[in-house]
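Residue numbering for the sequence shown is 1068 to 1449, as defined by our numbering.
Okay, structure first, notes after.
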Amino acid sequence: MKQIYLDHAATAPLHPAVLDSMLPAMREDFGNPSSIHGFGRKTRHLVDEARHVAAKAIGAKETEIIFTSGGTEADNLAILGVARANSSRGKHIITTQVEHHAVLHTCEQLEKEGFEVTYLPVDEKGQVGLEDLKEALTDQTILVTIMFGNNEVGTVQPIKEIGEMLKEHPAYFHTDAVQAFGLLPINVEEQGIDFLSMSSHKINGPKGVGFLYARSGANFSTLTYGGEQERKRRAGTENVAGIVGLKTAIELSIEEAAEKVSLYISFKETMIQVWQEEEVRFEINSSAEETLPHVLNVYFPGTNVESLLVNLDLAGIAVSSGSACTAGSIDPSHVLVAMFGKDSDKIASSIRFSFGLGNTMEDITQAAKETAKVVKRLTRNK
Ligand code: PMP
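This is how it looks when you write it as structure tokens:
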């Protein structure tokens, strides 16, 4: 049986060209980038090249890129770093109810440290209201952290408008762009972003690496103390091979973005068409326009998540119930609860398909047909 992987928002396979680019850095280029001899200079050069590519991808300067161990660390560094360095100016932070746990749990930690956090609500499409944000801002607000695109339902937030609003306010604007990076256009200047997190393994790069963009002059403290790497903002010897792989993954993602976006949109249309033809009852859990092209979160009335996931897995189709970090636990999705309320049937009957490298239209059609079969079987007597 062919296995079809439709869980690219959880993690994505390594692109073969990424692996090829990493091998020399793992086999031969072992020097420490901080060493002054030739071995060190060689790897320093590799890291510098990657920094150049990362900065260019988002319209930033090289000195504004800090390599991290991935999205979670980038989120932690931005949020804890800004909060702790700016607490004398104010102790208020604004975020949303639909952030990834890397942001939500970090904000909860700050509440324990005496900060006040406002968790903005979202509408049924998963979007925050600009008016709600405006009302929540006070002269004590030091940070607004709102994700670019949601990992569970795909909703894209009005980043440019938020950036615009915050130009008039001293609070920093951080966005978790882990899911949006490589598919949606990002320009930190045009979008008024002060801090931005990304993660390599979501764009077919290696796991355990990513970066935080931090605007020049932005005041934040480090989480790690030790060597002077990353201009003293992230101590520890650089993950050179990972950073080289990240560089290749970014280059590929830029080259292929337009093609991927139109392919994934056609995947969504195909799935929807198959279900309509098969007369399956379903609803899409996000807005049709303001959404990430690779994420499709669907409500199948009368089913339940666990049976859907198990039956699809038996049919060779790997999907998820939303955030991989909450899958396997019986906790309802905080994102769906924020969108539809805790009593909505959608919470226990929705699953996420997410597309990426290697998926073909044939796979998508087969996956949609198998899903239709499973849904019909599960709802037969309902
Ligand atoms: N933020 C979002 C929106 C994500 O989807 C993820 C990965 N699930 C993360 C942060 C965490 O990134 P990483 O796995 O690189 O720590």
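We treat Cβ as the ideally placed atom computed from N, Cα and C, and that holds for glycine.
This one's a predicted model, so the numbers in the text were calculated from it and none came from an experiment.
Between residue i and chain B, is there a C-beta pair that is closer than 7 angstroms?
i	result
F1278	This model lacks chain B altogether; it includes just one protein chain.
Could you check the C-alpha separation between residue i and residue j for me, to the nearest Å?
i	j	result
H1323	A1117	Correcting the residue identity first, residue 1323 is Glu in this sequence and not His. One C-alpha to the other measures close to 18 angstroms.
G1148	S1320	29 angstroms
I1229	T1242	10 angstroms
A1141	F1248	14 angstroms
D1087	E1346	45 angstroms
G1181	R1108	44 angstroms
D1074	V1386	5 angstroms
I1098	E1256	For the sequence presented, residue 1098 should be read as Gly rather than Ile. Near 35 angstroms, if we compare the C-alpha coordinates of E1256 and G1098.
T1078	S1264	16 angstroms
L1197	S1288	29 angstroms
L1445	I1431	21 angstroms
N1143	L1279	10 angstroms
L1424	L1403	27 angstroms
List the residues that DSSP assigns as beta-bridge partners of residue i.
i	result
A1385	Y1072
S1421	D1074 and V1362
H1236	According to DSSP, which records beta bridges pairwise, H1236 is partnered with nothing at all.
V1223	G1216
T1135	G1277
E1318	DSSP lists no partner for E1318.
T1242	L1263
I1351	V1365
Among the options, which residue has its Cα nearest to the Cα of residue i?
i	options	result
L1200	T1135, P1252, I1213 and T1289	I1213
D1380	T1222, L1210 and T1438	T1438
S1329	N1306, N1099 and F1422	F1422
Q1207	G1284, A1405, S1155 and R1419	S1155
R1447	E1429, K1436, K1269 and P1368	P1368
I1418	A1405, D1398 and L1375	L1375
E1429	Q1343, F1334 and V1441	F1334
T1173	K1158, N1153 and T1139	T1139
A1121	G1277, S1283 and E1297	G1277
P1451	I1226, I1161 and P1252	Any property of residue 1451 remains undetermined from this structure, which presents the chain solely from 1068 to 1449.
H1159	S1136, E1166 and Y1186	Y1186
I1146	D1115, N1254, N1286 and P1080	N1286
E1166	V1189, E1183, G1383 and A1152	V1189
A1150	L1177, V1365 and H1082	L1177
T1135	M1338, G1309, P1091 and A1382	G1309
Report back the beta-carbon spacing between residue i and residue j to the nearest angstrom; my notes put them in contact at under 8 angstroms.
i	j	result
T1358	S1416	Going by Cβ atoms, the distance from T1358 to S1416 rounds to 20 angstroms, so no, they are not a contact pair.
T1163	K1192	The pair is not a contact, with the Cβ atoms about 13 angstroms apart (cut-off 8 angstroms).
A1281	I1133	6 angstroms
Practice prompt. With a floor of 4 residues, list each alpha helix (DSSP H) that falls wholly inside the segment 1141-1210, ordered by position along the chain.
Written response: 1168-1179 and 1197-1203
Worksheet item: Which ranges would you report for the beta strand (DSSP E) in the segment 1252-1302 if only whole runs of at least 3 residues count?
Response: 1262-1266 and 1277-1281
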